[in-house]
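Engineer: Residue numbers (my numbering), protein chains in the order written: chain F, 2 to 213; chain A, 2 to 213.
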DNA sequence: GACGCTATCGCCCGAAAGAGCTATACCCCT
DNA sequence: AGGGGTATAGCTCTTTCGGGCGATAGCGTC
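#1: By alpha-carbon positions, which one of 138/F, 22/F, 10/F ends up nearest to residue 114/F?
#2: Of all the CB atoms in chain A, is at least one closer than 7 Å to the CB of residue 197/F?
#3: If you measure between the beta carbons of residue 8/A and residue 123/A, is that distance less than 7 Å?
#4: For residue 159/F versus residue 199/F, is the C-beta distance shorter than 7 Å?
#5: Is residue 48/F near residue 85/F, with beta carbons less than 7 Å apart?
#6: Give me the chain A residues within the contact set of residue 194/F, using Cβ-Cβ distance strictly less than 7 Å, ordered along the chain.
#7: Using only CA atoms, which one of 60/A, 127/A, 82/A, 65/A lies nearest to residue 95/A?
#8: Given a cut-off of 7 Å on the beta-carbon distance, is the pair residue 99/F and residue 73/F in contact?
#9: Once you ignore the five residues that flank residue 82/A on each side, which residues in its own chain have a CB closer than 6 Å to its CB?
#10: Counting only beta-carbon separations shorter than 7 Å, does residue 210/F have a partner in chain A?
#11: Pick helix, strand or coil for residue 57/A, following the three-state DSSP scheme.
#12: By Cβ distance, which residues of its chain are closer than 7 Å to residue 63/F, with the 5 residues on each side in sequence left out?
#13: Who are the Cβ neighbours of residue 202/F in its own chain at under 6 Å, not counting the five residues just before and after it?
#14: Just to confirm my understanding: we take residue 20/F, look at its own chain, exclude 5 residues before and 5 after, and list those with CB closer than 8 Å. What are they?
#15: Mind pulling the beta strand (DSSP E) runs of 3 or more residues that sit fully within the region 32-97 of chain A?
#16: Quick check on residue 28/F: buried or exposed, where buried means 16 or more other Cβ atoms within 10 Å of its Cβ?
#17: Among 177/A, 25/A, 97/A, 144/A, which one has its Cα closest to the Cα of residue 135/A?
#18: Contact check, residue 107/F vs residue 89/F under 8 Å by CB: the rounded distance?
#19: Could you give the DSSP three-state label for residue 109/A: helix, strand or coil?
#20: Can you check whether the CB of residue 179/F is closer than 7 Å to the CB of residue 186/F?
#21: Go through its chain and collect everything with a Cβ distance to residue 68/F's Cβ below 6 Å, but skip five positions before and after it.
#22: Mind checking whether residue 165/F and residue 176/F have CB atoms under 7 Å apart?
#23: Helix, strand or coil: which one does DSSP assign to residue 210/A?
#24: Buried or exposed for residue 196/F, please, with buried defined as at least 16 other CB atoms from any protein chain shown within 10 angstroms of its CB.
#25: Pick from 51/A, 182/A, 120/A: whose alpha carbon is nearest that of residue 105/A?
#26: Residues in the same chain with beta-carbon distance under 6 Å from residue 189/A, minus the five sequence neighbours each way, listed in chain order, please.
#27: By the three-class DSSP mapping on this structure, what secondary structure does residue 187/F have?
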């Protein structure tokens, strides 16, 4: 079998157009072979198990089980899995999470053919791949204060227009505690009031349009 | 020339991967010819002028001059232009604006090859093309109360954490007027307070992560 | 074990927000 | 000419918010 020096690739993206684009780009290189495609996280895990690809190219944002969860599942099933994450938007939060979850690299979809191929070879060789723009973003991200999960629950209450008291009721804690959380949130997000905090939440990917 | 029955197409998308995917999809059909590609709004207008394509496939969201403005420019230059807008997210606000700006149709990037080709033929024949999902979205959208541009300015002030007085100063109007606007915004967006209003603003595409 | 971070709970207080009410002037469309 | 939407402006009142000042307890790390 002459496949030993061929890089076997799994494509995961909910947009068929993007899958076709990636397939077209990759087919130009003899060494790269797309062995399977998936259009959501569940399929991705199935195909991964079935094909054991050398490299997985996966969109971060997908309906249903998102790319991040799929990444975690894959890495759980096969810790050595080599997964390159793709993103349209550069929603910061995701980059960090993906790295933490063991992504081998992170790319924007605006990537050129050359860089994409380079990235695939790079991660296949066992390295990490992170474009400069992303690195800068990560650096910025690292500067940001970490917002705890409890605080995000409170922030989500604000986003839904709840008063401190209502949030307290919803979370079964005292209003004073909620105020303490709100205060911490405003500090961490450098916001003057809850409205700005909610805006920052969206900007930083802590809150999502599609309802978390 | 046997080109009379060939549909000449201009592709506009900032993601090269997507352009290649579209090109790959379209090349499967003999009748469809991609005559040019552009990766931003400015280029789109240039290429449009140079090639006078029968159909333009354009992404809504692009860096710099967005797809909507490009659409307007093209329609201004050539009112009969046939432009199909493509979108990743289904950010509601844009659909409506694109229709208003004279788009011949609206597609999501998750579209199948068949539907894409059908859509192109359809609009080339002079019809409008709007998938059911989009139509439903438009219907929902129509129910929403229209937020005036002045109100969006005020909403943007809230998003930046400004108090009513600060917004008043920034817009050179009285604080009372700002309060009136805020009240109108809360009503229209069915929000309990400014925090929820800001959240709705993001959800409805009135506010954007990338800074409007 | 000490430190840091988090979650929890407490009080006081001034400033801001939002509800309720009214009113004028403008523009566009019918 | 009239009606609907918008922008502007004013008033009062109650609620909420956010700042400032605390405190205790748990959990993980160094």
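Where a beta carbon is used, it is the ideal one built from N, C-alpha and C, also for glycine.
Structural biologist: Based on what the coordinates show:
#1: Indexing the first chain from 1 puts residue 114/F at position 113. Residue 114/F has its Cα closest to that of 22/F, out of 138/F, 22/F, 10/F.
#2: Position 196 of the first chain, counting from 1, holds the residue named residue 197/F. Residue 197/F counts as touching chain A.
#3: Taking the second chain and counting its residues from 1, the one referred to as residue 8/A is at position 7. Taking the second chain and counting its residues from 1, the one referred to as residue 123/A is at position 122. Not closer than 7 Å, so no.
#4: Here residue 159/F is taken as the residue at index 158 of the first chain, counted from 1. Here residue 199/F is taken as the residue at index 198 of the first chain, counted from 1. Taking 7 Å as the Cβ cut-off, residue 159/F and residue 199/F qualify as a contacting pair.
#5: Taking the first chain and counting its residues from 1, the one referred to as residue 48/F is at position 47. Taking the first chain and counting its residues from 1, the one referred to as residue 85/F is at position 84. No, these two residues do not count as a Cβ contact at 7 Å.
#6: Your numbering for residue 194/F matches position 193 in the first chain. 162, listed in chain order.
#7: Position 94 of the second chain holds residue 95/A. It is 60/A.
#8: One-based indexing of the first chain puts residue 99/F at position 98. One-based indexing of the first chain puts residue 73/F at position 72. Contact: no.
#9: Along the second chain, one-based indexing puts residue 82/A at 81. Around residue 82/A: 75, 76.
#10: The sequence position of residue 210/F within the first chain is 209, counting from 1. Residue 210/F counts as touching chain A.
#11: The residue you call residue 57/A lines up with position 56 of the second chain. If DSSP states are grouped into helix, strand and coil, residue 57/A belongs with the strands.
#12: One-based indexing of the first chain puts residue 63/F at position 62. Same-chain partners within the cutoff: 15, 41, 42.
#13: On the first chain, residue 202/F is found 201 positions in, with the first residue counted as 1. Answer for residue 202/F: 156, 208, listed in chain order.
#14: Residue 20/F sits at position 19 when you count from the first residue of the first chain. Closer than 8 Å at the Cβ level, and outside the excluded window around residue 20/F, lie 12, 14, 38, 40.
#15: 33-39, 56-60, 84-88
#16: Here residue 28/F corresponds to residue number 27 of the first chain, with the count starting at 1. It counts as exposed.
#17: Reading the second chain from its first residue, position 134 is the one you call residue 135/A. Of the listed residues, the one whose Cα sits closest to residue 135/A is 97/A.
#18: Locating residue 107/F in the first chain gives position 106, counting from the first residue. Locating residue 89/F in the first chain gives position 88, counting from the first residue. That belief does not hold up - the Cβ atoms of residue 107/F and residue 89/F are roughly 12 Å apart, past 8 Å.
#19: The residue given as residue 109/A occupies position 108 in the second chain. DSSP places residue 109/A in strand when its eight states are reduced to three.
#20: Translated into the one-based positions of the first chain, residue 186/F becomes position 185. Translated into the one-based positions of the first chain, residue 179/F becomes position 178. For residue 186/F and residue 179/F, no; Cβs fall outside 7 Å.
#21: Numbered from its first residue, the first chain carries residue 68/F at position 67. Result list for residue 68/F: 59, 60, 61, in chain order.
#22: Within the first chain, residue 165/F is the residue found at index 164, counting from 1. Within the first chain, residue 176/F is the residue found at index 175, counting from 1. Result yes, Cβ atoms of residue 165/F and residue 176/F sit closer than 7 Å.
#23: Numbered from 1 along the second chain, position 209 holds the residue referred to as residue 210/A. In this structure, residue 210/A counts as coil in the three-state DSSP scheme.
#24: Counted from its first residue, the first chain places residue 196/F at position 195. By the neighbour-count rule (16 or more Cβ atoms within 10 Å), residue 196/F is buried.
#25: Here residue 105/A corresponds to residue number 104 of the second chain, with the count starting at 1. Nearest of 51/A, 182/A, 120/A to residue 105/A, Cα basis: 120/A.
#26: Locating residue 189/A in the second chain gives position 188, counting from the first residue. For residue 189/A, where only same-chain residues beyond five positions count, the Cβ hits under 6 Å are 146, 148.
#27: Along the first chain, one-based indexing puts residue 187/F at 186. Three-state result, residue 187/F: helix.
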